[in-house]
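Asks: There's a structure below that I have some questions on.
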């Protein structure tokens with residue numbers, strides 16, 4: 001009976017996912033050509049939990065023309081910042097039976113630019129991705145070149161962002177698939193970011209595991225080792241790589257319907273809360289994003305129910 005119930009729920013999840021996509025999702029991420037009116041943006045995008053790419057939303061930011069390597073060296077080159085270092089570009093990702101986090105290294109901004117520009121050869125992949133409002137906390141000298149919040153988004157949500165983050169990294173730096181409890185405005189200043197997006201309604205087809213947390217550590221000989229965080233709680237994470245999904249191991253993922261989009265310099269992605277996303281980038285791409293805390297309303301409760309049912313039925317297996 002229990003097996004029959006699991007199969008029944010799994011079948012209905014697949015059917016309803018198709019219906020949800022038909023009702024409110026397009027086959028591609030739509031574009032807006034100008035900054036939206038706050039009320040219309042709330043009605044058309046935030047409330048229905050739909051992503052879009054907005055052009056000309058921050059064309060007035062000096063950062064778009066100023067943030068060259070030369071300018072950044074002069075402005076913040078001596079600043080010491082947090083940099084994620086990994087052997088393969090995968091920070092905060094599943095590696096075998098571990099959830100492995102990057103080595104957090106303190107480096108001058110100029111040292112990071114030296115590596116990105118090929119002036120210095122270093123083992124490992126380097127990515128400025130600290131989050132936790134690292135733009136405001138570590139690089140406040142750059143805030144005059146951007147804005148510390150997006151006025152129409154703050155008006156739409158009735159609050160200021162919880163964090164404003166700065167991103168800079170190598171092409172091999174990858175953000176593994178995950179979701180956030182934030183309404184996210186992701187602004188690409190230079191280069192290009194490539195997103196794979198999956199709606200919350202695809203949760204039944206996305207596999208999760210629970211993993212021992214660990215961190216990378218570079219030894220004196222330059223090789224990286226994985227060091228367990230033995231006193232830390234296990235971490236639920238997605239083991240699947242959407243760039244090369246193992247469909248034999250995770251056959252349920254065949255029913256998922258990922259959206260792919262490239263966000264170019266001068267464009268802003270609205271990434272709704274609870275959407276799964278995987279990110280790659282062009283070499284040296286720079287971005288700033290704003291995290292606004294989501295509303296923990298009835299939609300959140302519905303998602304929690306879907307997540308519980310997915311766990312009961314074995315997720316995408």
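Numbering (full-length UniProt numbering), first residue to last: 1 to 317. We put the beta carbon where it would ideally sit given N, CA and C, even for glycine. Predicted model, so just to flag it, every value in this text is computed and none were measured.
1) Evaluate contact between the segment 302-313 and the segment 203-214, counting only Cβ atoms and requiring at least three cross-stretch pairs below 8 Å.
2) Any chance you could list the beta strand (DSSP E) runs of at least 3 consecutive residues sitting entirely within the segment 170-230, in chain order?
3) Reducing DSSP to helix, strand and coil, say where residue 145 ends up.
4) Taking C-alpha atoms, which residue in 282, 227, 160, 175 lies nearest to residue 241?
5) Give me, in chain order, the residues of the same chain whose beta-carbon lies closer than 6 Å to that of residue 101; leave out the 5 immediate sequence neighbours on both sides.
6) At what residues does the alpha helix (DSSP H) containing residue 137 begin and finish?
7) Do you know how far the Cα of residue 103 is from the Cα of residue 135?
8) If you drop the 5 nearest sequence neighbours on each side, which residues of the same chain put their C-beta closer than 7 Å to that of residue 297?
9) For residue 132, count neighbouring C-beta atoms within 10 Å of its own C-beta (all shown protein chains included) and say buried if the count is 16 or more, exposed if not.
10) Could you tell me whether the Cβ atoms of residue 227 and residue 211 are closer together than 8 Å?
11) For residue 163, does the three-state DSSP call read helix, strand or coil?
12) Would you call the CB atoms of residue 327 and residue 182 closer than 8 Å?
13) Which residue spans inside the segment 49-92 form an unbroken alpha helix (DSSP H) run of at least 4?
14) Under the three-state reduction of DSSP, which class applies to residue 304: helix, strand or coil?
15) Kindly indicate which three-state DSSP category residue 270 falls into: helix, strand or coil?
16) Look at the alpha carbon of residue 294 and the alpha carbon of residue 53, and state the distance between them as a whole number of angstroms.
Replies: Looking at the coordinates:
1) Short answer: they touch.
2) Every unbroken stretch of the beta strand (DSSP E) spanning 3 or more residues and falling wholly within the segment 170-230 is given here in chain order: 174-178, 182-190, 192-198, 209-218, 224-228.
3) Note: residue 145 maps to helix in three-state DSSP.
4) For the residues 282, 227, 160, 175, the minimum Cα distance to residue 241 belongs to 175.
5) Closer than 6 Å at Cβ, skipping near neighbours: 92, 215.
6) Counting along the chain, the alpha helix (DSSP H) containing residue 137 begins and ends at 134-138.
7) Those two C-alpha atoms are separated by around 20 Å.
8) Cβ-Cβ distances below 7 Å link residue 297 to nothing in the same chain once the five nearest sequence neighbours on each side are left out.
9) With fewer than 16 other Cβ atoms within 10 Å, it is exposed.
10) Inclusion of residue 227 and residue 211 in the CB contact set at 8 Å is not warranted, their separation being larger than that value.
11) Strand at residue 163.
12) Outside the displayed range of the chain (1 to 317) lies residue 327, so it cannot be described from this structure.
13) Taking only runs of at least 4 residues, the alpha helix (DSSP H) segments lying wholly in the segment 49-92 are 63-66, 69-76.
14) In this structure, residue 304 counts as helix in the three-state DSSP scheme.
15) The answer is strand: DSSP assigns residue 270 an E or B state.
16) Each residue's Cα considered, the two are about 19 Å apart.
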